[in-house]
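Chemist: In the order they appear, the protein sequences are chains W and Y.
Heads up: the first sequence begins at 8 in the numbering used here, then just goes up one per residue.
Heads up: the second sequence begins at 5 in the numbering used here, then just goes up one per residue.
Positions of the beta carbon are idealized from the N, C-alpha and C atoms, including for glycine.
First the structure, which I've put down as C-alpha cells, then a few questions once you've had a look.
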Amino acid sequence: MSTPINPYDLLKSIVQLSTSSIPVEIKQDRMLQSISRAFETDRCLLLRPEKIIPNGFLSRLVSEKKPLWVEEGSSFPKENIPPEEKEFLCPTFACIPMFDEVSFQGILFISFSKNHRFSPQEIDLLLQIGETIGAVIRNDDLRQKAEETISELTALYEMGKAVTSTLQLKNLFELIVATGLKILKAKGGVLRVEGRRTGALEIKCSKGDYHQNPLDEKIAKRVFYTRTPLAFNHSGEEKPSLSILCAPFLSKGKSFGTLAFYDKDSNASKFDERDLQLLLMMANQMSCAIENALIHYETSEISQRHEKRAKELSTLWELNKALLTTVNFERILHLTLTAITIGEGLKFNRAILFLVNEKKRILEGTMAVGPDSAEEVGRVWASLSQRQGPLSDLITQLSPQSTSTLNSLVKKIQIPLEQEQCILSRTVLEGKPFNIQFPQSKEGWIQTRCERGCHLSSEVGCYVGEHLSRDPKVYSFATVPLMGTGKVIGVILVDNLYNQNPITEEDIHFLNMFANQAGLAIENTILYRNLEEVHQEFKETQTFLVHLEKMIALGEMSTTIAHEIKNPLTSIGGFARRLDRTIPEESQEKKYSQTIIKEVSRLEKILNDLLNYTRDESLVFKEVDLRGILEENLSMVTQRIHPGGIQLIKEYAEEIHRVMGDPHQLKQAFFNLINNACQAMKGNGILFLRVHPFSKNGSHYIKVEVEDTGKGINPENLHNIFNPFYSTKESSLGLGLPIVHKIITSHRGKIEVDNHPGKGVNFIITLPAQRE
Amino acid sequence: MKKILVVDDEESIRFLYKEELEEDGYIVECAKNGEEALEMLSIFKPDLISLDIKMPVMDGIEALKRIREKERRLPIILCSAYGEYKQDFTTWASDAYVVKCADLTQFKSTIRKLLGLL
Numbered sequence: 008m009s010t011p012i013n014p015y016d017l018l019k020s021i022v023q024l025s026t027s028s029i030p031v032e033i034k035q036d037r038m039l040q041s042i043s044r045a046f047e048t049d050r051c052l053l054l055r056p057e058k059i060i061p062n063g064f065l066s067r068l069v070s071e072k073k074p075l076w077v078e079e080g081s082s083f084p085k086e087n088i089p090p091e092e093k094e095f096l097c098p099t100f101a102c103i104p105m106f107d108e109v110s111f112q113g114i115l116f117i118s119f120s121k122n123h124r125f126s127p128q129e130i131d132l133l134l135q136i137g138e139t140i141g142a143v144i145r146n147d148d149l150r151q152k153a154e155e156t157i158s159e160l161t162a163l164y165e166m167g168k169a170v171t172s173t174l175q176l177k178n179l180f181e182l183i184v185a186t187g188l189k190i191l192k193a194k195g196g197v198l199r200v201e202g203r204r205t206g207a208l209e210i211k212c213s214k215g216d217y218h219q220n221p222l223d224e225k226i227a228k229r230v231f232y233t234r235t236p237l238a239f240n241h242s243g244e245e246k247p248s249l250s251i252l253c254a255p256f257l258s259k260g261k262s263f264g265t266l267a268f269y270d271k272d273s274n275a276s277k278f279d280e281r282d283l284q285l286l287l288m289m290a291n292q293m294s295c296a297i298e299n300a301l302i303h304y305e306t307s308e309i310s311q312r313h314e315k316r317a318k319e320l321s322t323l324w325e326l327n328k329a330l331l332t333t334v335n336f337e338r339i340l341h342l343t344l345t346a347i348t349i350g351e352g353l354k355f356n357r358a359i360l361f362l363v364n365e366k367k368r369i370l371e372g373t374m375a376v377g378p379d380s381a382e383e384v385g386r387v388w389a390s391l392s393q394r395q396g397p398l399s400d401l402i403t404q405l406s407p408q409s410t411s412t413l414n415s416l417v418k419k420i421q422i423p424l425e426q427e428q429c430i431l432s433r434t435v436l437e438g439k440p441f442n443i444q445f446p447q448s449k450e451g452w453i454q455t456r457c458e459r460g461c462h463l464s465s466e467v468g469c470y471v472g473e474h475l476s477r478d479p480k481v482y483s484f485a486t487v488p489l490m491g492t493g494k495v496i497g498v499i500l501v502d503n504l505y506n507q508n509p510i511t512e513e514d515i516h517f518l519n520m521f522a523n524q525a526g527l528a529i530e531n532t533i534l535y536r537n538l539e540e541v542h543q544e545f546k547e548t549q550t551f552l553v554h555l556e557k558m559i560a561l562g563e564m565s566t567t568i569a570h571e572i573k574n575p576l577t578s579i580g581g582f583a584r585r586l587d588r589t590i591p592e593e594s595q596e597k598k599y600s601q602t603i604i605k606e607v608s609r610l611e612k613i614l615n616d617l618l619n620y621t622r623d624e625s626l627v628f629k630e631v632d633l634r635g636i637l638e639e640n641l642s643m644v645t646q647r648i649h650p651g652g653i654q655l656i657k658e659y660a661e662e663i664h665r666v667m668g669d670p671h672q673l674k675q676a677f678f679n680l681i682n683n684a685c686q687a688m689k690g691n692g693i694l695f696l697r698v699h700p701f702s703k704n705g706s707h708y709i710k711v712e713v714e715d716t717g718k719g720i721n722p723e724n725l726h727n728i729f730n731p732f733y734s735t736k737e738s739s740l741g742l743g744l745p746i747v748h749k750i751i752t753s754h755r756g757k758i759e760v761d762n763h764p765g766k767g768v769n770f771i772i773t774l775p776a777q778r779e
Numbered sequence: 005m006k007k008i009l010v011v012d013d014e015e016s017i018r019f020l021y022k023e024e025l026e027e028d029g030y031i032v033e034c035a036k037n038g039e040e041a042l043e044m045l046s047i048f049k050p051d052l053i054s055l056d057i058k059m060p061v062m063d064g065i066e067a068l069k070r071i072r073e074k075e076r077r078l079p080i081i082l083c084s085a086y087g088e089y090k091q092d093f094t095t096w097a098s099d100a101y102v103v104k105c106a107d108l109t110q111f112k113s114t115i116r117k118l119l120g121l122l
C-alpha cells in the first residue's frame with residue numbers, strides 16, 4: 008500500500024455517509040468507494056442476499072455467519088466452487104457477511120489483484136465497516152418497508168374515509184374496486200354481493216380486465232361459501248398467466264360478498280402474501296361500510312314505502328272528508344269520480360261509474376269524468392295547477408261537467424248483469440277488481456275476440472273499442488267493484504287513455520280501498536234519497552188520508568142530508584105533477600108547473616147519483632148472464648133508441664160463461680154506459696153492443712163492448728172521465744162513469760176506453776168468467 | 005075496490021100517495037109507523053101495503069117481518085128513499101122494492117102488477 012490506512016478517517020466518512028440523507032444507492036456507492044480508496048482494492052462489492060447462490064461457498068459463509076479472509080497462500084479449497092462464484096476467486100479477497108439479530112443484509116466483498124496481507128487492524132476495521140454498512144442496509148430496508156406500509160395504510164385510510172363519506176351503494180362499490188386496483192397494482196377487480204332477493208352472487212362492480220371465464224365465478228363462489236380467502240397463481244407456457252386474489256366480505260360470521268383482483272401489474276405479475284394480507288384488510292374494513300350502506304339502502308326503501316303508504320292514507324282521508332260534505336246523490340258520484348281523476352288524488356285519466364239496477368238486473372252507466380280529448384287534458388291541467396289548498400277543498404270545488412260527451416255517452420250504456428263475458432258484469436258478480444291489458448301481439452288479439460269482433464271479449468270492449476277509445480289496439484283499463492254493505496252496488500272503470508301510464512297492482516289496491524269508502528257513501532245517499540222519497544210519500548199519504556176522512560165525513564153527511572131532502576122532494580114533485588094534470592095545456596101556468604116538475608126531476612137525479620155513489624157496498628154475488636143484463640137495460644131505454652133515431656146493432660156470442668156478480672149493480676153500470684151512449688148520439692147514430700168470451704193465460708173472461716158513434720171524448724178530459732164529480736155536462740154531477748168504474752172494479756173486472764174524437768167511443772168491459 | 009095501506013112517517017108523503025091512489029080508484033088508508041100498520045091490518049084488511057123503511061117506533065123491516073107472520077100472501081111493496089136495502093136479504097120477503105120518486109108511474113104499475121090488475 009502506498010499510504011497507511013487511517014482507520015479513523017475511513018470510519019468517520021463511512022459513519023457520516025450512513026447518517027446522511029443521501030439516497031441509499033448513492034450512499035452505498037460512496038461507501039464502497041471510500042473503502043476502495045482507503046484499501047486500494049481492486050474490487051469492492053456489496054452482494055445482496057438474492058445474489059447469493061444456494062450451494063456456493065458464499066452461502067456457506069452465510070450459514071456459518073463467519074467472515075472469510077483469503078490471502079495468497081491460504082488454504083482455501085478452490086474445488087467444488089460453482090462457476091458463478093469463480094469470479095470471486097481472486098488472489099486476495101475478503102467476504103464479510105452482515106448480520107443482525109433479525110436478518111442477513113448481504114456480503115461485503117473486497118478483492119485485491121495483488122497480494123495483500125490483512126493486518127488485525129484492517130480486519131477489525133473491515134468488520135466494523137461491515138457492521139455499519141449492514142446497519143445502513145437494514146435501516147434502509149426498514150425505511151422502505153415502513154414507507155410502503157405507510158403509503159398502503161394511507162391509501163386504506165383514504166379509502167376508509169371516502170367510503171364512509173358515501174352511503175350510495177353504487178359509488179361505494181366503485182370506490183372500493185378502484186382503490187383496490189391502485190393499492191394492489193392489479194389489472195382488474197370484481198366486487199360481488201349476495202342479492203337479497205335472489206340469494207345468488209351478483210356482480211355489483213367490475214373494473215379493468217378481468218377474466219370473465221368460469222374460473223372467476225368458481226373461485227368467487229368457493230371463497231363465498233368457505234369464507235376463506237384464496238390466492239391463485241398460474242403461469243404456464245400455453246395459457247396466458249393468470250393470478251387471482253379473492254377475499255370474502257364477512258359480517259357477523261357470515262359472508263355476504265367477495266372482492267377479487269387479477270393480474271398484478273408489476274414485474275412479478277404475481278400476488279404475494281403481502282397482497283393477500285392487504286386484500287384481507289381491505290375486505291374487513293369494507294365489510295362494515297358495505298353493510299352499513301346496504302342497511303341504509305334497505306332502510307330508505309322501507310321508509311320510502313312507509314312514506315308512500317302514509318301519503319296514500321292521508322289522501323284517502325282527504326277524499327273521505329270530501330265525501331262527507333254532502334248527501335246529494337249526484338254530487339257524491341261526481342266527487343268520487345273527481346277524486347279518482349284529480350292529480351293529487353288517484354291520478355287516473357278517466358273514471359266511469361256504473362250502478363246496479365236490481366229490478367231490471369242491469370248495469371247502468373251513471374256518470375263519467377274525464378277529458379274528451381288530449382287537448383282538454385292540457386287545459387284542465389293548466390287550470391288545476393293554479394289552484395291551491397287541501398285536497399278535500401280542491402275536489403269539492405270542481406263542478407260537474409254534465410255536458411261532456413263522455414258523460415252523455417256513458418249514460419246510454421246498459422249492460423245486462425248476466426252477460427258473463429262483460430268484464431263489468433264479472434266485476435259485480437265476482438266482487439273483485441280486474442286489470443285488463445290488451446295483448447300486444449296479433450295472435451293475442453284474436454284470442455280474446457268477442458262476438459262483435461273487437462279485441463276484448465266483452466260488451467265493454469265493444470264500447471271501448473268503438474266509442475271510448477279511438478284506437479282499440481292500445482286500450483287498457485281496470486275495474487273495481489263498488490261495495491255497499493254486504494253487496495256490490497256498482498263498478499268503477501278507470502283508464503289512462505291520454506298519458507298511457509300503466510296501471511299497477513298498487514294503483515288497483517289504492518283504488519279498491521277508496522272504492523270501498525265511496526261505495527258506502529254512495530249507498531248512504533241512495534238510502535237517504537229513498538228515505539226522502541218514502542217520507543214524501545208518507546206525507547202525501549197522510550194528507551190524502553186526512554182528505555179522505557173529510558170526504559168520508561162529507562159523504563156521510565151528504566148521505567144523511569140527501570135522505571132528508573129526498574122525502575120532501577118526492578112530495579113537492581108528486582104534488583106538482585098533480586097540479587100539472589089540472590092545468591090546461593096552452594096556459595101560462597102550465598109552463599110553471601112543467602118547470603117545477605122538471606127541476607124536481609133534476610134534483611132527484613142528483614140525489615140518486617149521490618146516494619148511489621156514496622153508499623156502502625155490500626155486494627151479493629150471483630151467477631149472472633151479461634146478455635140478460637144488457638137486454639133489461641135496453642128495455643128501459645127503448646124510447647131513446649129506435650124512436651130516438653139510434654140504430655142498434657147487437658153481437659152476442661152464442662155460448663158464454665156466466666159471471667159472478669151483483670145483478671143490480673151490473674145493471675146499473677151498463678145502464679149508465681148505454682145511457683151515456685144514447686145521450687152522446689142525440690138523435691142519430693149507431694149503438695153497438697157486443698158480448699164475447701175470451702181466454703188469456705188459461706183464465707176465461709167475458710168482454711162486453713158498448714160503442715157509440717157520437718162526438719167522442721175530448722182528449723184533454725180523457726184522463727178524468729172516471730174521476731168523481733168531474734163533469735162537462737151542466738145537468739149532472741158527473742158520477743155516471745165513476746160509478747161504472749167502481750162497480751166493474753169491485754167485480755174484479757177492467758174497463759178500457761177506445762176513444763176516437765169526432766167518430767165515437769167504445770167502452771170495453773172485461774169481467775172474469777165463472778168456470779162451470 | 006082494492007084496499008091499499010100506505011105506511012110512511014112523513015105526512016106529505018102520506019098525503020101525496022093517498023091523493024094519487026084514490027084518484028086511480030083505490031081505497032086508501034094510512035099509518036104513521038109499523039106499529040100503527042099492524043093495528044090497521046086487522047081493522048082495514050088491505051089488499052096491498054106500501055111500506056116505508058125508515059120510521060120511528062117500528063121501522064119497515066121489523067114491520068115487514070111482523071106482517072108476514074100474520075099474512076103470508078099479502079103483497080107488500082117496500083118503498084123507500086134509500087136504495088141500499090135492496091141488498092138486504094130481509095127485503096126479499098117483500099114482493100117489490102121501489103125507490104121513492106116524484107114520478108109515481110113505476111110505483112103505480114108495480115101495484116097493478118102485484119094486484120094482478122095488469
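1) Considering only C-alpha positions, which residue in the set Ile210(W), Gly195(W), Gly196(W) is nearest to Gly202(W)?
2) Take Pro488(W) as the anchor and find which of Glu540(W), Phe355(W), Leu518(W), Arg44(W) has the nearest alpha-carbon.
3) How many angstroms separate the CA atom of Val109(W) from the CA atom of Ile42(W)?
4) Less than 8 angstroms between the beta carbons of Val170(W) and Leu188(W), yes or no?
5) Using the Cα positions of Ala67(Y) and Leu55(Y), report the straight-line distance between them to the nearest angstrom.
6) Measuring only between beta-carbons, confirm whether Ala41(Y) sits less than 8 angstroms from chain W.
7) Report buried or exposed for Ser600(W), applying the criterion of at least 16 other Cβ atoms within 10 angstroms of its Cβ.
8) Would you mind reading off the limits of the alpha helix (DSSP H) that contains Thr233(W)?
9) Taking a cut of 9 angstroms between CB atoms, which residues from the stretch 18-30 of chain Y lie near chain W?
10) Starting from the Cα of Leu424(W), find the closest Cα among Arg204(W), Lys367(W), Ile603(W), Asn414(W) and give me that residue.
11) DSSP puts Val498(W) in a beta bridge; with which residues?
12) Any beta-carbon of chain W closer than 8 angstroms to the one on Ala67(Y)?
13) According to DSSP, simplified to helix, strand and coil, what is Val103(Y)?
14) For a cutoff of 8 angstroms on Cβ pairs, would you count Glu75(Y) as touching chain W?
15) Compare the Cα-Cα distances from Ile758(W) to each of Asn724(W), Ile709(W), Lys718(W) and report the closest residue.
16) For Phe611(W), go through chain Y and note every residue whose CB falls closer than 7 angstroms to its CB, in chain order.
17) Please classify Pro79(Y) as buried or exposed, where buried requires at least 16 neighbouring CB atoms within 10 angstroms.
18) Any chance you could list the beta strand (DSSP E) runs of at least 3 consecutive residues sitting entirely within the stretch 29-71 of chain W, in chain order?
19) What residues from the stretch 6-17 of chain Y come within 8 angstroms of chain W, judged by C-beta to C-beta, listed N to C?
20) Determine the closest residue to Asn679(W) out of Lys657(W), Gly652(W), Leu641(W), Lys703(W), with distance taken between C-alpha atoms.
21) Count the CB pairs spanning the stretch 570-581 of chain W and the stretch 15-24 of chain Y that are closer than 8 angstroms, and state whether there are at least three.
22) Beta carbons nearer than 8 angstroms to chain Y: which residues of the stretch 672-701 of chain W have them?
23) Based on Cα-Cα distance, which residue from Met105(W), Asp279(W), Leu54(W) lies nearest to Pro74(W)?
24) Within the continuous beta strand (DSSP E) that includes Met667(W), where are the two ends?
25) Please decide whether Ala100(Y) counts as near chain W, where near means a Cβ-Cβ distance under 8 angstroms.
26) Measuring CB atoms only, is the stretch 7-14 of chain Y touching the stretch 769-777 of chain W, in the sense that at least three cross pairs come out at less than 8 angstroms?
27) For the beta strand (DSSP E) that contains Thr173(W), what are its first and last residues?
28) Answer yes or no: does any C-beta atom of chain Y fall closer than 8 angstroms to that of Ser739(W)?
29) Just grab the DSSP bridge partners of Ala142(W) for me.
30) With burial defined as no fewer than 16 other Cβ atoms inside 10 Å of the residue's Cβ, what is the status of Glu466(W): buried or exposed?
31) Among all the DSSP beta bridges, which residues are the ones paired with Lys657(W)?
32) Keeping to the same chain, check which residues put their C-beta closer than 6 angstroms to that of Ala528(W); ignore five residues upstream and five downstream.
33) Could you please give the first and the last residue of the uninterrupted beta strand (DSSP E) stretch that includes Ser98(Y)?
34) Which residue wins for smallest C-alpha separation from Arg536(W), given the options Gly652(W), Leu500(W), Thr567(W), Asn335(W)?
35) Secondary structure at Phe551(W), three-state DSSP: helix, strand or coil?
36) What is the rounded straight-line gap between the Cα of Lys104(Y) and the Cα of Lys703(W)?
Modeler: Quick look at the numbers:
1) Ile210(W)
2) Leu518(W)
3) 26 angstroms
4) no
5) If you take the alpha carbons of Ala67(Y) and Leu55(Y), they lie about 8 angstroms apart.
6) no
7) The residue is buried, with at least 16 neighbouring Cβ atoms inside 10 Å.
8) 221-233
9) Phe19, Leu20, Tyr21, Glu23, Glu24, Glu27
10) Cα-wise, what sits closest to Leu424(W) is Lys367(W).
11) Under the DSSP definition of a beta bridge, Val498(W) partners with Phe361(W), Pro488(W).
12) no
13) strand
14) no
15) When Asn724(W), Ile709(W), Lys718(W) are compared, the shortest CA-CA separation from Ile758(W) is found for Ile709(W).
16) According to the sequence as given, residue 611(W) is Glu; it is not Phe. Within chain Y, the residues near Glu611(W) are Cys105, Ala106.
17) buried
18) 50-54
19) Glu14, Ser16, Ile17
20) Distances from the alpha-carbon of Asn679(W) to those of Lys657(W), Gly652(W), Leu641(W), Lys703(W) put Leu641(W) closest.
21) Put simply, the stretch 570-581 of chain W touches the stretch 15-24 of chain Y. At least three CB pairs are less than 8 angstroms apart.
22) none
23) Met105(W)
24) 666-668
25) No, because no Cβ of chain W sits closer than 8 angstroms to the Cβ of Ala100(Y).
26) no
27) Thr173(W) -> no beta strand (DSSP E), and no H or E assigned at all.
28) Confidence in Ser739(W) is poor, its pLDDT being 48 and thus under 50, which makes the residue's placement unreliable; the coordinate value appears in the next sentence. No, Ser739(W) does not count as interfacial toward chain Y.
29) DSSP output for Ala142(W) lists no bridge partner at all.
30) Because the pLDDT at Glu466(W) is just 38, under 50, the model does not fix this residue reliably, and the point stays unresolved.
31) Leu696(W)
32) Leu330, Ile339
33) Bounds of any beta strand (DSSP E) do not take in Ser98(Y), whose DSSP letter is neither H nor E.
34) Asn335(W)
35) In this structure, DSSP gives Phe551(W) a helical state, which the three-state scheme calls helix.
36) So the two alpha carbons sit approximately 44 angstroms from each other.
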